[in-house]
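Undergrad: Sequence lines, in order, name chains E and L.
Sequential numbering of the first sequence, starting at 1, is according to the numbering used here.
Sequential numbering of the second sequence, starting at 1, is according to the numbering used here.
Heads up, the beta-carbon is just placed ideally off N, CA and C, and yes, glycines get one too.
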Amino acid sequence: DTGVSQDPRHKITKRGQNVTFRCDPISEHNRLYWYRQTLGQGPEFLTYFQNEAQLEKSRLLSDRFSAERPKGSFSTLEIQRTEQGDSAMYLCASSLVGGGAYEQYFGPGTRLTVT
Amino acid sequence: AQSVTQLGSHVSVSEGALVLLRCNYSSSVPPYLFWYVQYPNQGLQLLLKYTSAATLVKGINGFEAEFKKSETSFHLTKPSAHMSDAAEYFCAVRINTGNQFYFGTGTSLTVIP
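1) Any beta carbon of chain L sitting closer than 7 Å to that of E/L32?
2) When you compare the CB of L/G16 with every CB in chain E, is at least one pair closer than 7 Å?
3) Using 7 Å as the threshold, is the C-beta distance between E/C23 and E/Q6 below it?
4) Return the CA-CA distance between L/Y39 and E/A53, expressed in angstroms with no decimal places.
5) Counting C-beta neighbours from all protein chains within 10 Å, is the total for L/H75 16 or more, i.e. buried, or is it exposed?
6) Count the CB pairs spanning the stretch 27 to 46 of chain E and the stretch 98 to 105 of chain L that are closer than 8 Å, and state whether there are at least three.
7) Could you give the uninterrupted runs of the beta strand (DSSP E) lying entirely in the stretch 79 to 112 of chain E, keeping only those of 3 residues or more?
8) Determine the burial state of E/G98: buried for a count of at least 16 other Cβ atoms within 10 Å of its Cβ, exposed for fewer.
9) Name, in chain order, the residues that DSSP records as bridge partners for L/I95.
10) Identify which residue in E/Q37, E/T2, E/P8 has its Cα closest to the Cα of E/E28.
11) Mind listing which residues of the stretch 38 to 50 of chain E have their C-beta closer than 9 Å to chain L's C-betas, in chain order?
12) Return no unless some Cβ of chain L is closer than 7 Å to the Cβ of E/P108.
13) I'd like to know if the stretch 64 to 79 of chain E and the stretch 14 to 21 of chain E are in contact, where contact means that at least 3 CB-CB pairs between them fall below 8 Å.
14) Looking at the unbroken beta strand (DSSP E) that takes in L/V111, where does it start and where does it end?
15) Residues of chain E with CB closer than 9 Å to the CB of L/F67, please, in chain order.
Below you can see the structure in the form of structure tokens.
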């Protein structure tokens, strides 16, 4: 069990550019979540996948955001035409659904700075 | 609707003193409740979880929390604070029929030597 990994850890981009983040969940976990966290706030839900299916999206997820999990393993989160308001920590979490509380295990996050 | 309220965005305690971080939840159905800790520039680490078994839950690093349905609370405690406990703490709720986790706004714990 190597835990949830995210890449890159930090990304600085200019407004209007596109960025893509990657998340590798714990290998046997079938559910994967994306969150956004701004300074002084708790994580805010963006979207989640069960295997390769994207089952729910938050209203926070504008049309500029898209997420994929093509083979039910790793996931990518893309932000198009970035805005300064997109600056935040993007967290990925995974869980194993099949009984119990489905606690989530988080990766270290990708910190995005839009200049 | 589900939500979590963490009273006190900043808590300071002396090393060796009791740690008490407050969390109240709102849920119309039985919830699952969690406490996570976050160190600077890191992701969240699970401290403990309540899953409708024992109301007093023990977690890692000497932390524990008690589920009180009558008070809709799930406060986090530790008998004796260590310097290494300084971090941000988040309470989260998930209802047992839902998929989303709802996080509180966090409590920053400072430990004074």
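TA: Per the coordinate set shown:
1) no
2) no
3) yes
4) 32 Å
5) buried
6) yes
7) 88 to 95
8) exposed
9) L/P31
10) E/T2
11) G40, Q41, G42, P43, E44, F45, Y48, Q50
12) yes
13) yes
14) 107 to 112
15) Within chain E, no residue comes near L/F67; the closest Cβ sits about 12 Å away, beyond 9 Å.
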